[in-house]
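Protein chains in written order, with this note's numbering: chain B, 82 to 304; chain G, 82 to 304; chain H, 82 to 304; chain Z, 82 to 304. Here is the structure we will look at.
4 protein chains.
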Amino acid sequence: MPDTAENQAKEQPRRRQARGERRIAQLLEAAASVFCTTGYTAASTNAIAREAGVSPGTLYQFFPNKEAIAIELGDRLMHQMRDAYGEALAPVDPATPLEEAVGSAVDRFIAFNCEHPVFFALMHGPDVPGRIAEEHDALHTTLLARVEGLLSSLLPDTSPADLARTSRMCLGLYKAGLELTLGHEGAEREAYVQELKNVLVRYLEPLVGERPGREEASSPRTP
Amino acid sequence: MPDTAENQAKEQPRRRQARGERRIAQLLEAAASVFCTTGYTAASTNAIAREAGVSPGTLYQFFPNKEAIAIELGDRLMHQMRDAYGEALAPVDPATPLEEAVGSAVDRFIAFNCEHPVFFALMHGPDVPGRIAEEHDALHTTLLARVEGLLSSLLPDTSPADLARTSRMCLGLYKAGLELTLGHEGAEREAYVQELKNVLVRYLEPLVGERPGREEASSPRTP
Amino acid sequence: MPDTAENQAKEQPRRRQARGERRIAQLLEAAASVFCTTGYTAASTNAIAREAGVSPGTLYQFFPNKEAIAIELGDRLMHQMRDAYGEALAPVDPATPLEEAVGSAVDRFIAFNCEHPVFFALMHGPDVPGRIAEEHDALHTTLLARVEGLLSSLLPDTSPADLARTSRMCLGLYKAGLELTLGHEGAEREAYVQELKNVLVRYLEPLVGERPGREEASSPRTP
Amino acid sequence: MPDTAENQAKEQPRRRQARGERRIAQLLEAAASVFCTTGYTAASTNAIAREAGVSPGTLYQFFPNKEAIAIELGDRLMHQMRDAYGEALAPVDPATPLEEAVGSAVDRFIAFNCEHPVFFALMHGPDVPGRIAEEHDALHTTLLARVEGLLSSLLPDTSPADLARTSRMCLGLYKAGLELTLGHEGAEREAYVQELKNVLVRYLEPLVGERPGREEASSPRTP
DNA sequence: GATGAATGAGGATTCATTCAT
DNA sequence: TATGAATGAATCCTCATTCAT
């Protein structure tokens, strides 16, 4: 059967990588753990390797440097987010009530972050706070793009400049709310989630144009 | 002559304190500069000493460690803020329109941060993001108390728990807006300031109880 | 059929050797390239393997260590030199005019080095400069032997000790001139070649005994 | 007495440096030793610190990196050379017989190198052999300038380009001879020194124009 | 007080080499 | 054979902190 041969031929190059892939997963897991406990800046590659149970050299066989680990981790998290939560932060039917759209997005986003606390650690990134380095921060860029996509479906009449600004603002609010949420547990955590929703809904409400069944949003905003 | 002795005894420490105060101011200024450029974690005490034009040993004669520098810097900034802006974040006459109260607080807060960019660097602090270490972060605690004071004057009917939560949320929103504001310049910066005000006003509006000339805030909030 | 068995037995190793030879050539070529760019000490076996397009493990299947690569490379270069330039540094008819002998040897030697820049890199070798490790440096030893051979044909009356010394000296002068030559281009390079010839001829001239048809040092040279 | 006060005032800043100066000397000595045994490239800063009996951090308090150590060492050696041997490689009275000028320069140069074997190690420098990096190699540059100065006094009629080329060539020959000399001892070493002189004298002899009281190349030399 | 030398563990990263597949 | 993963000591260099002067 040619199947066998082909499979072997196909799997051969991957079998080698199988160990490698496992190691990469291991290393990323370890990195996630270390980033969470010490933060990105203070995390050391040696600590990550130790946590993964491998030698420092092994780490560098798969990642050229610390930043690359963070980037790869961010990438995987974005993909996992898409895989697991599908439409979180995805554009929605413009007719969706704002509360619903925001509530759903926040819930999914929060849920994901609770499962993957690194996400939050990574969002603060390797950069000097205050000098926002969006260019180098793929995670931030991707998130921002998603938020823009979502908002552009909700606020179709907004100018690109305003949309960009509003998106950044929403992402910032998201992060702020997330930080508070992660800092609490149980009922209090739930309460913060609700507050975050309130913040976003109330912020965006006046921006959604006149839509059928809507008569708020009467205040003309001049930024 | 007891006078001489007393005077010496009194003046010596004063002179020393005077010199010491100058040194401390020098060091804190240098620290502010270094924190701004490299961030707290990456800032090195040696760099601070160098920037201050003194030896590392001298630095440690006034501060027991790096964290103490940040703490003292934060303290002084809080005092400067009070001195310079007086009522920023101070309680207001409950009759003040919300837009005015928020607008004024935000403007002052932003202005202060633009003049003292360290403030922002310190707010991110030495701590692991995500694990909010409020106890160790005097700056955060103080700010929070101020915000609570301000909000309690605006929302007199709110329960302490809700007040605390809302305050934290507002402070978080503040920080998020500040980060965006500092990240832009000119007209765009102004636009972000306005957005931040919008966010806060719209968030708080429904929370201010029925006040003369106000009939929003009818939605009963149950967090 | 014994034929088959024998053929297999014979051909297998041949095929393997053939493949092996190709690999070795590949690796040596890569090593030459890396040695030239980074020097021997700084060259890494991993870099050589990468340059050769093979894995590090493969490299170590053919060479026990880094030094062995350099040695083999040196050997091959010596053979190539012999193959390509035949009589460069080979003994000559004692009646050959000194200028001719030296000029020819230098020209060939320089030409070879320009075509094979590794040669020069290898001549500096893995050893600490100043502590000449002739034993370990096959290249040096071989070159020296050749030079001695050439000189012994030119200076037949010289004692072995003097011959050895003069040979080493000539080889040293060769290397020094080569370094300068390789460090320049075009007309300047040519000028250095001429200078090197001058140096050697003038150095050796008084050593060649009175020979028929020679009335030495009469030719005025203008470098 | 103001003397005392002044002296104190003057010595105070130096007293601090006294330890430092001692350390620097210690470190340079250690570096010299390590460079000699392992060569510049293979020498490690940790090894130098260990040899000096201090911690790696101490080394970096005085030198920013390995290259700086080599540079400072080279500088000091040049100065020591000038101090100790005064006119070695210094311009001479044009009437000086060539043999004398060259002989003296070589003798002093060799003597200095025997006392300071690092000198030789440094002359090979941090660079890839074959790509002569004269710019970064202060030692080489300085030496070259000296040789040019000496030669310009001996060959006053030579064009600058020729002078530069001849100087480089002489320096190269020097180095080559030095390597051989250092590689031998006793009588053999002396023999190499003589050979080096022969090389240089014979190379330069035809270049010195007709000078009063000279009927060149008539002296039979026996190496 | 002030200085600057001293520390030494720890940072990221590399590399010759070995080993399992 | 060939691969690429694995190693771990070694590389240069930094830093918070202490100590002798």
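Even for Gly, the Cβ is constructed at its ideal location relative to N, Cα and C.
Contact check for residue 184 of chain H against residue 278 of chain H passes: the beta carbons are separated by less than 7 Å.
By the criterion of at least three beta-carbon pairs nearer than 8 Å, the segment 154-165 of chain Z is in contact with the segment 189-199 of chain Z.
Separation of the CB atoms of residue 273 of chain G and residue 261 of chain G is rounded to 5 Å, and the pair is thereby assigned contact status at 8 Å. Pairing residue 172 of chain Z with residue 236 of chain Z gives a Cβ-Cβ distance that is not under 7 Å. The beta carbon of residue 144 of chain H is closer than 6 Å to those of 150 in its chain, skipping five residues each way along the sequence.
Within the model, the alpha-carbon separation for residue 136 of chain Z versus residue 120 of chain Z is close to 21 Å. G:126 is the residue among G:156, G:155, G:126 and G:157 whose C-alpha sits nearest the C-alpha of residue 142 of chain G. Taking the Cα of residue 186 of chain H as reference, the smallest distance to any Cα among H:289, H:275 and H:287 is reached at H:275. Contacts with chain H at 7 Å (Cβ-Cβ) include residue 280 of chain Z.
Contact between residue 109 of chain B and residue 148 of chain B is ruled out by a C-beta separation of about 14 Å, above the 8 Å threshold. Note that the C-beta distance between residue 155 of chain Z and residue 220 of chain Z is below 7 Å. Annotation for residue 173 of chain B: no alpha helix (DSSP H) segment contains it, and DSSP assigns it neither H nor E.
Residue 247 of chain Z sits buried, since 16 or more C-beta atoms from the chains shown fall within 10 Å of its C-beta. Residue state for residue 286 of chain B is assigned as helix, using DSSP reduced to three classes.
In the structure shown, residue 137 of chain B adopts helical secondary structure according to DSSP, grouped into three states. When only Cα atoms are considered, residue 175 of chain Z and residue 234 of chain Z end up about 6 Å apart.
DSSP places residue 279 of chain Z within a helical segment (H, G or I) once states are collapsed to three. With the criterion set as a beta carbon lying under 8 Å from some beta carbon of chain B, the members of the segment 228-261 of chain G are 246, 247, 249, 250, 253, 254, 256, 257, 258, 260 and 261, in sequence order. Rounded to the nearest whole angstrom, the CA to CA distance from residue 265 of chain Z to residue 158 of chain H is 28 Å. Per DSSP, the continuous alpha helix (DSSP H) segment holding residue 194 of chain H begins and ends at 179-196. Of the residues Z:122, Z:112 and Z:118, the one whose Cα lies closest to the Cα of residue 133 of chain Z is Z:112. At least 7 Å separates the CB of residue 223 of chain B from every CB of chain G. The contact set of residue 272 of chain G on chain B, defined by CB atoms closer than 9 Å, consists of 242, 243, 246 and 304 in chain order. Taken through DSSP and simplified to helix, strand or coil, residue 247 of chain G comes out as helix.
Residue-level contact check: residue 189 of chain Z does not touch chain H, since none of the beta carbons of chain H fall below 7 Å from its beta carbon. Residue burial annotation: residue 222 of chain B is exposed, with fewer than 16 other C-beta atoms found within 10 angstroms of its C-beta. Here residue 99 of chain G is exposed. Its C-beta has fewer than 16 other C-beta atoms within 10 Å.
Those residues of the segment 120-144 of chain Z placed with their C-beta closer than 9 Å to a C-beta in chain H are 120, 121, 122 and 123, ordered along the chain. Distance check between residue 166 of chain Z and each of Z:241, Z:191 and Z:103 places Z:191 closest, using alpha-carbon atoms only.
Inclusion of residue 254 of chain G and residue 228 of chain G in the CB contact set at 7 Å is not warranted, their separation being larger than that value. DSSP places residue 257 of chain G within a helical segment (H, G or I) once states are collapsed to three. For residue 115 of chain B, the CB contacts under 6 Å within the same chain, skipping 5 residues up- and downstream, are 124, 128, 129 and 132 in chain order. Within the model, the alpha-carbon separation for residue 140 of chain G versus residue 245 of chain B is close to 45 Å. Look at residue 262 of chain H here: in three-state DSSP terms it is helix. Interface criterion not met: the Cβ of residue 196 of chain Z is under 7 Å from no Cβ in chain H.
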